Structures are given as C-alpha cells and as structure tokens.
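In short: position in the sequence shown from 1, add 266, done, that's our numbering.
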Amino acid sequence: MSDKREKKIRTSPPPNREQQGAKPDVEAPGDLQMPPEEMLDLAHRVAEHLVERIGKLPQDNAWEGEFRQVLDDQFLEEPPEDGRSATEVIDKAAHDILPYSMRLDHPRCFGFVPSSPTWPGVLADFMAAGYHVNQCTWLVASGPSHLELVVIDWFRRWIGYPEGAGGLLTSGGSAASLDAFVAAREAMGHPERATVYMSDQSHSALPRASIIVGIRRDCIRTIASDEHFRMDMDALARQVAEDRAAGFTPIAVAANAGTTSTGAIDRLEEMAEFCEAEGLWLHVDAAYGGFAIVTEQGKRLLRGIERADSIGLDAHKWFFQPYEVGCLLAKDENTLKRAFAIHPDVLQDTIWGKDHPNFADYGLQLSRSFRALKIWMSVQTFGMAAFRRAVSKGMELSAQAEEYVRASPILEAMNIVSLGIVCFRVNPADEDLDEEALDKVNRTVLARMFWDDRAFMSSTMLRGQFVLRMCIVNYATTWDDVRETLEAVERFGKDALSKAGQSST
Ligand SMILES: *Cc1c(COP(=O)(O)O)cnc(C)c1O
C-alpha cells in the first residue's frame, strides 16, 4: 500500500453535509454517496486485499475458523448512528471477518466440493454489481438477458441437447433441483401422490427440493446403490412397479452425474431407457460432475446425459466461478415456461415476445443477479482450451492419487476413482484391524489433518465405513500438493496405528 494513496483515503467521518440553515453544498456528495476519487481508492484497496490474499494462499492454512463467543465479543453490537472511515471498515472486514472461512480456493483444500474462481470471474461479479443489473426481464436487462442466452447455449451444445432446449442460471445446484422438480410435476400433470426416486448416494439437495416442492415424505423414494455407488436399476424398476400397484404416481427419477461422496455416475443410458419406457421425467443432478463434459474423458463418462429431461450444473464448482452460479437446463425449455411463467399486471410492459425471453419466467427468482457475465468474461479471457486443461487436470491428479493410494502399504482405496474424488482410508495390508479400530484410527487421522496440516480434507461414510475423501477440482493444485497431503495422511496414520497398538496391549 503506497503512502500516497493512504493519505488520499478519508480517515475521519465525512462532515455533516446539510447542517441546519446552511445551503446544501452542490459539490459535496449527499448521504450514501462518495466522491469519485475516494470510490477509486477504495476499489483499489479492496483489489489489493484480494490479490495479496491469493498470493499468500499456498502458504496459508486451507481452513481457518473461530468460535461463536470470540466473534460475538467483537461484532455483536448495535449498528452505529454515524459512519466512520470506509478504509477502516474495509480493513476490518479483510482482517477480522473474511479470513475466518474455509479457503475453498486453496490448492490444498480437498474437502467437500471446493472450487477456485478465476480473477475475471471475480471482477465480473464486481462489474455486475456496479452496473446494478437486475437480470429479471428483457425490458429491464436486454444485454444481460442476451448474454445469459449465449452462455446457456454454450452449455446446451456441450451437453449435446437439441435446439429448443434452454434453461437459466440459478443460485446453485439446490435451486436447479427445485426448479427441475416443479417442471417435472407440471409436465406430469400434477398428480395426487406424485412420487420421486433418487439413490442413497444422491445429494441432500434432492430430498430437500422434493420437500419444498410439496412431494409427500412417503413419496420420496431412496433406491439402493450398487457396489460402484450407482443406482441399482433392478431395485428402481421393482420400486416403481410396487408403487404403481399401491396407488402412488411415479413422476420423476433423479440420476447422479458425479455423486458428492465418490464421484459415481449413474447408468445414464439405462436410466433414460427406463424413464422413456415408464413415462417418467429424468433429471440428472450434475452439479458436481457436469462440467467434465468439456473434456473428451468427461464426455465418455457422461454419455447419455443428453437424454435427460433436465440437468442441474454448478459453475461455482468445476467451472471455476465465484459463488453463486448454478444452472438448470431443460431439454424442452417450454417445460420451464409452462411451470413458472405468470404474467402479473405490474409487469405487463415486460412482455416483448418469443425472441425476448424473461428469465424470471423460467424459475424461482424475479430479481436475479447477472450470473452469466462471470462465465462469459472468464471464458473470453482464458479460452476454452484453458478450461478444458483445468478440468482435465482435476481428473488426472485424482487418478494419480488413486495410484498412490493403491501402492501405499498403509492406505486402502475405497472407490474406483471417477471424475475427481478419491476415497480411501488408513488400513495397513499387514495388520488385521477390525472395523471399530479402523474407524477410530481414521477419525484420529482426519482430526490430525484438520489441526496439524495446511491441507483440508473431509470424510464420508461408504457402506457404513468411515472413509477419508479428497475432491480435486482446483486449477492451481499441483501433484506436490496432492502427494504431500497423502504423505501427511500416511504419517498421521502410522502415529495413530502405533497408539492404537499400544492401548490394546
Ligand atoms: C453441490 C451439490 C449440490 C447442491 O448445490 P448448491 O450449489 O450447493 O446448491 C447438489 N448436488 C450435487 C451432486 C452437488 O455436488
């Protein structure tokens, strides 16, 4: 930070601009406004905080957090009656609030489904906010609406959907699932006892979306998955037949294209056959795995996805965008309009005809942020070849991690790696530990990783067994990041095993 800029930035509260009796100063900004020079300085200061943070990421811990009481003591207060220096406020946010969150874009953040936004994507959100776009209708935002059409059309072609397919950008995968179930139910004629099917590996967003949509709890069916964590198709067929016989009306099946636990992809072709034969809506939850489709390997893995009636994607996961941006695509975009379009009098001026869509007619939200800009700006800046390489890199590193795990004398691979998720546990081949002991050892290892290592990973349960899990989707992650993290697991694993050995003797 240069001294010069430091001086220019106001460090005391602004004078009261409209004192009693005084003529308002036409030059001075009014309430909630700032002079242009200060605006620029503050924007620059924010940018400096961000660039500094990104530069330091590899040296920082992947996780940082604080307890409630500590934060209460610092921040629980009435809002101030008078303002103070904006610079101080920005610095306080940068030093005392924002660091206390997981660094999801850290090259060693492997927990849950992390992500790494591109800088043009971050700037696009800033620009969209600064231009104050409300991406609701064509009348209100024609440029942004058009760009959303452009981006949706990119996705449509990547997926292999026909013309006439369409959709909208959503806050994320949860909203996409919700909108999909509304469209499915509408397309199926809103029957009594509408019943939906998902697997025991489906993301919690799916049962939650079903509940919000008003599917009865006894009409949300969880189908068992097979040994590769894909929905068991025989079990699905049996359940649908039983339900029809018992007076339920099956309406939709939700397939996984990349489960959050293991990256498993359901048998999409077979599910499409089944749903066509049964007259069911097929929704594919591809929130995590969908953007693998930009690569050749991903295209092979996701074959059949184009037969689904709808698909949910998350660009804030494997398409390197800042939160929030997901997407719902429908094979026939009219299914969305039929489910969502309502034309209130107060918006009567916004109807411009069929070539001028109002995105508010496709889903839940009226006021919407301009999400397409970040996707468009980052793709324009880096080009698709760079995006393809970045997605491929996640898959390659995961495959390499799997090889490492399989070669390790003390680690056991727990999934066949698909996409970018590696599940494994400490379980030395030459020791005969029971499940209870393994559970304890691996929980200890996870806790050690959490407190003693810069990397962050999370866990999941597979067939009742506690397993460690790494999800590799960050464009900045290197093989050294992955290898050193696995080495730390081995080290902590050896410690935990020797302690377990001591306590049992
Ligand atoms: C992340 C995720 C979701 C939920 O998406 P949000 O963007 O968090 O709302 C749903 N399904 C899968 C498979 C996911 O990975």
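Quick reminder that beta carbons are idealized off the backbone N, C-alpha and C, glycines included.
These numbers were taken from a predicted model, which means no experiment stands behind them.
Contact check, residue i vs residue j under 8 Å by CB: the rounded distance?
i	j	result
residue 569	residue 534	7 Å
residue 462	residue 481	6 Å
residue 748	residue 667	5 Å
residue 693	residue 678	4 Å
residue 391	residue 588	6 Å
residue 441	residue 630	6 Å
residue 328	residue 368	7 Å
residue 491	residue 500	Incorrect: roughly 12 Å between the Cβ atoms, too far for contact.
residue 751	residue 527	Between residue 527 and residue 751 the Cβ distance is about 19 Å, and since that is not below 8 Å, they are no contact.
residue 360	residue 315	4 Å
residue 590	residue 582	6 Å
residue 430	residue 575	Not a contact, Cβ separation roughly 13 Å.
residue 703	residue 766	6 Å
residue 520	residue 444	Rounded, the Cβ-Cβ distance is 12 Å, inconsistent with contact.
Only counting the same chain, and skipping five residues up and downstream in sequence, which positions put a Cβ closer than 7 Å to that of residue i?
i	result
residue 724	377, 378 and 735
residue 421	579, 593 and 595
residue 515	457, 458, 459, 460 and 461
residue 686	529, 660, 661, 664, 737, 738 and 739
For residue i, collect the residues of the same chain with a Cβ closer than 8 Å to its Cβ; drop the 5 residues on either side in sequence, then sort them by chain order.
i	result
residue 363	341
residue 406	400 and 616
residue 365	330
residue 489	463, 464, 465, 466, 497, 498, 501, 502 and 505
residue 604	449, 452 and 453
Comparing C-alpha positions only, which one of the options sits nearest to residue i?
i	options	result
residue 739	352, 510, 580 and 522	580
residue 564	634, 763 and 662	662
residue 620	304, 412, 582 and 369	412
residue 708	680, 473 and 629	680
residue 690	697, 699 and 676	676
residue 404	636, 387 and 713	636
residue 300	343, 352, 443 and 715	352
residue 610	623, 627 and 622	627
residue 417	479, 449 and 643	643
residue 606	449, 722, 538 and 758	449
residue 425	648, 577 and 373	577
residue 437	334, 638 and 335	638
residue 728	357, 705, 713 and 711	705
residue 383	585, 555 and 318	585
residue 641	710, 698, 410 and 625	410
residue 762	711, 478, 542 and 549	711
residue 682	524, 298 and 357	524
residue 634	521, 542, 435 and 612	435
residue 696	476, 521 and 760	760
Is DSSP giving residue i helix, strand or coil here?
i	result
residue 300	coil
residue 456	coil
residue 740	coil
residue 549	strand
residue 681	coil
residue 327	coil
residue 709	helix
residue 751	helix
residue 486	strand
residue 279	Its pLDDT being 47, under 50, residue 279 is placed unreliably in this model, and the value from its coordinates should be taken loosely. Coil, per DSSP.
residue 721	coil
residue 512	coil
residue 262	Here the chain covers residues 267 to 771 and nothing more, so residue 262 does not appear.
residue 534	helix
residue 491	strand
residue 467	coil
residue 517	strand
residue 732	strand
residue 478	helix
residue 333	coil
residue 294	coil
residue 353	helix
residue 435	strand
residue 320	helix
residue 766	helix
residue 687	strand
Would residue i count as contacting chain B if we go by Cβ distances under 8 Å?
i	result
residue 747	Among the chains of the structure shown, chain B does not appear; only one protein chain is present.
Might you give, ordered along the chain, the residues of its own chain that have their beta carbon closer than 6 Å to the beta carbon of residue i, omitting 5 neighbours on each side?
i	result
residue 608	none
residue 754	719
residue 553	439, 578 and 580
residue 308	352
residue 656	741
residue 601	449 and 453
Indicate, with yes or no, if ligand 2 has a heavy atom lying under 7 Å from the CB of residue i.
i	result
residue 583	Summarising the ligand content, the structure contains ligand 1 and does not contain ligand 2.
Within the stretch 623 to 669, ranges of the alpha helix (DSSP H) (whole runs, at least 4 residues): DSSP runs (the alpha helix (DSSP H)) wholly in the stretch 623 to 669: 638 to 648.
Those runs of the alpha helix (DSSP H) which lie wholly inside the stretch 369 to 432 and span at least 4 residues: Segments of the alpha helix (DSSP H) lying fully in the stretch 369 to 432: 385 to 396 and 408 to 425.
Every unbroken alpha helix (DSSP H) inside the stretch 571 to 612 [4 residues or more]: Under the rule that a run must span 4 or more residues, the alpha helix (DSSP H) segments found entirely inside the stretch 571 to 612 read 581 to 584 and 599 to 606.
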